[in-house]
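Add 1402 to the 1-based position in the sequence shown for our numbering, that's all there is to it. Where a beta carbon is used, it is the ideal one built from N, C-alpha and C, also for glycine. The structure appears right after this line, and notes come after that.
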Amino acid sequence: MSASPFTAETDFSEINHYFANRPLDELLSWSLATFGAKGALITSFGPTGMVILDRLAKLCPGVKVITIDTDFLFEETYALRERVQRRYPIQLEIRKSALTPAVQAQVYQPQLWQVNPDLCCHIRKVVPLTEALGGLEAWLTGLRRDQATTRTELPLVAWDDKYHLVKINPLANWTRSQVWTYLLENDVPYNHLHDMGYASIGCTHCTRPTDSSGDERAGRWQGQNKIECGMHYNI
């Protein structure tokens, strides 16, 4: 039985109110003290995730970090992952789909991301994430309220009904500008595709550069009626 004091019935309003104007490190320290090895940062090494990773590695060397490798990531993303592993004292866990791209093409069809992107995301992202979260009591994410219209009401801490554990969004109330200020002032590594007009970076087939003044996720799944992959929100 889980030792976590939190359940689906927990009222997180006081926790959210307390941390709303507290420094980032206080929320991260609370998470580490409360969940320990039963908590983990899940990140694709995006800008917000890199801020959290940078702080966590300083607060708790050896902290668990989990990333999902879809097998369709950009070379720049793999290069960033290697830089992160060299620089930070973290316990990095890489999760993948049980289906290789070749097997997926045989079982379903080639270029599944074009004809059924939701299914492709489910196979390559949601299933590995669900497996990774098994046994955990909390996960930390890089979600922010200003990233997309689906995230405007995002709390700092909440119960995740989809995966049945606590979900912590440490930078929910940060802006894109604040994130980049931190990255640049602290020399935190980031994906070089951001210097080429990519605001949000996912798989090679479904990510395009976009006007930086628009929605941060506008370059994802262009031409499709889709703005989420299903990892955080049901699609």
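Environment of residue i [buried if 16+ CB atoms lie within 10 Å]
{"i": "Lys1466", "result": "buried"}
{"i": "Ile1454", "result": "buried"}
{"i": "Arg1619", "result": "The predicted position of Arg1619 is uncertain, since its pLDDT is 48 and thus under 50; a value taken from the coordinates is nonetheless stated next. Counting Cβ neighbours within 10 Å, Arg1619 comes out buried, since at least 16 surround it."}
{"i": "Pro1449", "result": "buried"}
{"i": "Glu1539", "result": "buried"}
{"i": "Gly1451", "result": "buried"}
{"i": "Ala1550", "result": "buried"}
{"i": "Ala1574", "result": "buried"}
{"i": "Gln1506", "result": "buried"}
Cβ pair residue i, residue j closer than 7 angstroms
{"i": "Thr1445", "j": "Thr1469", "result": "yes"}
{"i": "Pro1591", "j": "Tyr1600", "result": "no"}
{"i": "Trp1541", "j": "Thr1412", "result": "no"}
{"i": "Arg1546", "j": "Thr1554", "result": "no"}
{"i": "Cys1605", "j": "Phe1447", "result": "no"}
Which residues DSSP lists as bridging residue i, in chain order
{"i": "Ile1570", "result": "Leu1542 and Val1559"}
Pairwise C-alpha distance: residue j and residue i
{"i": "Asn1518", "j": "Thr1609", "result": "16 angstroms"}
{"i": "Tyr1480", "j": "Glu1495", "result": "14 angstroms"}
{"i": "Gly1441", "j": "Glu1428", "result": "16 angstroms"}
{"i": "Leu1556", "j": "Tyr1420", "result": "16 angstroms"}
{"i": "Cys1522", "j": "Ala1534", "result": "18 angstroms"}
{"i": "Phe1437", "j": "Ser1579", "result": "30 angstroms"}
{"i": "Phe1408", "j": "Glu1416", "result": "13 angstroms"}
{"i": "Asp1520", "j": "Gln1508", "result": "18 angstroms"}
{"i": "Leu1567", "j": "Ala1459", "result": "23 angstroms"}
{"i": "Thr1577", "j": "Leu1586", "result": "15 angstroms"}
{"i": "Ser1431", "j": "Ser1499", "result": "32 angstroms"}
Beta strand (DSSP E) runs contained entirely in the region 1468-1508, provided each spans 3 or more residues: 1493-1498
Complete runs of the beta strand (DSSP E) confined to the region 1407-1473 [at least 3 residues]: 1441-1444 and 1466-1471
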